[in-house]
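Reading through the structure tokens given below for one structure.
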Amino acid sequence: MAEDSFKPIPLECVLPDIFPAIALYTKGSGANYVLYKPFDRPFTLSDQQRLERTGKQNIYVQMDDSVDLTSYIEEHLTAFLADDSISEKSKNLILYQTSMEFVAEVMESPHGLSSNIGRCKSLIKNLMKHVASSAALLDVFQEIAADKLYILSHSVKVAALTMLVHDKAFNISPDEMLDVGVGGILHDIGMTMISGDILEKPEALSNIEYEIVKTHPQKGYELLNNAGCFNEISLTIVRHHHEKWDGSGYPARLKGDNITRSAQVAAICDIYCALVSERPYRKASPHPEALRIMKDEAGRTFKKELFDTFEKIVNKQTLQK
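Be aware that the sequence shown starts at 35, since it is given in this note's numbering, and climbs by one per residue.
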């Protein structure tokens, strides 16, 4: 089977006698996956010990079993993240993988958001705790940079980085931080109403196509506002993450501090995450180059003082690698 037909799960997170009825595979040479246990056989402590002795760190499930796997991970996620015996790398994998699964579901069925708000907040709470304790968040970004999952990984990265900046720079309440995270992970929800032909176009967009893409913040805001279960902080991040300090942004051409602080931070994080990610039409910018590009825009695209704060925070993260 093709490599993209499988997804990894850390062996540390496969709980004996609790893991659901899902077939498990080991990875051999190349893209060769070998059935380890069929779906109807329980995963036992002996299985776990046997795999550990072979040095396996991850085991694999078919993408067709993603729904059952995600339900299992979400049910046990808080416990996994609090377990000191589970490695930081494994925690990163399950947290960001689960977050991207959620974003994927939302992107496929955006009008079902109101029924998923509880799941969204639960994931953001776990992301909040992880962001606050992670020594090198930017390292994690390198592990979730798959091109074909760009909009999913980008949403998770922006949420995590926006919360990191708020955590390090501002004394805000946990409730406000939760709203910041929700806005961050859903900031591009309006993209679900833009034609896939435009979003997946490998070359530069035409002026008309670009104007269509520019409608996504307002469309996303209207979608969440109509759902009736999102806080104003989350809504303003979704609506105004493309506004610019000099008033040349969109959709409302807000200027200066008429743009809320949370939306300003999200805008900075959005651009940074886009610059350091590889795309079909350009290579990823290294961290120093991304900051240099953004620094040239300070005072125009961003509030200079806020960008300086952001720069100090992300530079400290890179030094902690």
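Yeah, the Cβ is synthetic: ideal placement off N, Cα and C, and Gly gets one too.
Pairing Gly89 with Arg334, the inter-Cα distance amounts to about 52 Å.
Counting along the chain, the unbroken alpha helix (DSSP H) around Leu198 starts and ends at Tyr184 to Ala203. Taking each of Ile293, Tyr315 and Glu108 in turn and checking the Cα distance to Glu237, the smallest one comes out for Tyr315. With respect to Thr132, Leu115 sits apart: the two C-beta atoms are not nearer than 8 Å. As the crow flies, the alpha-carbon of Arg273 is around 8 Å from that of Ala297.
Listed in chain order, the alpha helix (DSSP H) runs fully inside the segment 130–173 are 147–167, counting runs of at least 4 residues. When the beta-carbon positions are compared, Met225 and His250 come within less than 8 Å of each other.
Taking C-beta atoms as the reference points, Leu103 and Ile151 fail to come closer than 8 Å. For Leu325, same chain residues with a beta-carbon under 7 Å away, outside a window of 5 residues either side, are Glu345 in chain order. Under the criterion of beta carbons closer than 8 Å, Leu258 and Leu288 do not qualify as touching, at roughly 18 Å. Sequence-distant Cβ neighbours of Asp99 in its own chain, meaning closer than 6 Å and more than five residues away, are Ile56.
Going by beta carbons, Met97 and Ser39 fall inside the 8 Å limit. For Leu58, the enclosing beta strand (DSSP E) has its first and last residue at Leu58 to Lys61. For Pro44, the uninterrupted beta strand (DSSP E) run begins and ends at Phe40 to Pro44, by DSSP. Cβ atoms of Ile267 and Glu277 stay farther apart than 8 Å, at about 15 Å. In this structure, DSSP gives Gln252 a helical state, which the three-state scheme calls helix.
By the neighbour-count definition (other C-beta atoms within 10 Å, threshold 16), Gly283 is a buried residue. Closest by C-alpha distance to Glu122, out of Cys303, Asp342 and Pro44, is Pro44. The C-beta distance from Ser311 to Tyr130 rounds to 14 Å, too long to meet the 8 Å contact threshold. Across the structure, Asp342 and Glu86 are spaced so that their CA atoms are roughly 46 Å apart.
Nearest C-alpha to Lys338 among Pro322, Ile302 and Ala113: Ile302. The three-state secondary structure of Asn92, taken from DSSP, is strand.
With a contact defined as Cβ atoms closer than 8 Å, Ile93 and Val48 qualify at about 6 Å. When DSSP states are grouped into helix, strand and coil, Arg84 belongs to the helix group.
In this structure, the alpha-carbon of His188 lies about 20 Å from that of Glu108. In terms of Cα proximity to Asp81, the closest of Tyr59, Ala65 and Ile223 is Tyr59. With contacts defined as CB atoms closer than 8 Å, Ile347 and Val199 qualify as a contacting pair.
Taking the C-beta atoms as reference points, Gly230 is found no nearer than 8 Å to Ile271.
By the CB criterion at 8 Å, Cys307 and Leu147 fall outside the cutoff.
Judged by their CB atoms, Ile223 and Pro285 are not nearer to each other than the 8 Å cut-off.
DSSP, reduced to helix, strand and coil, places Arg75 outside both helices and strands of the structure shown, so it counts as coil. Annotation for Pro42: Asn92 and Tyr94 place their beta carbon closer than 6 Å to its own, counting only its chain and skipping 5 residues before and after.
Residue range His321 to Lys329 is occupied by the alpha helix (DSSP H) that includes Lys329. In the three-state DSSP reduction, Ala286 falls in the coil class, being neither helix nor strand.
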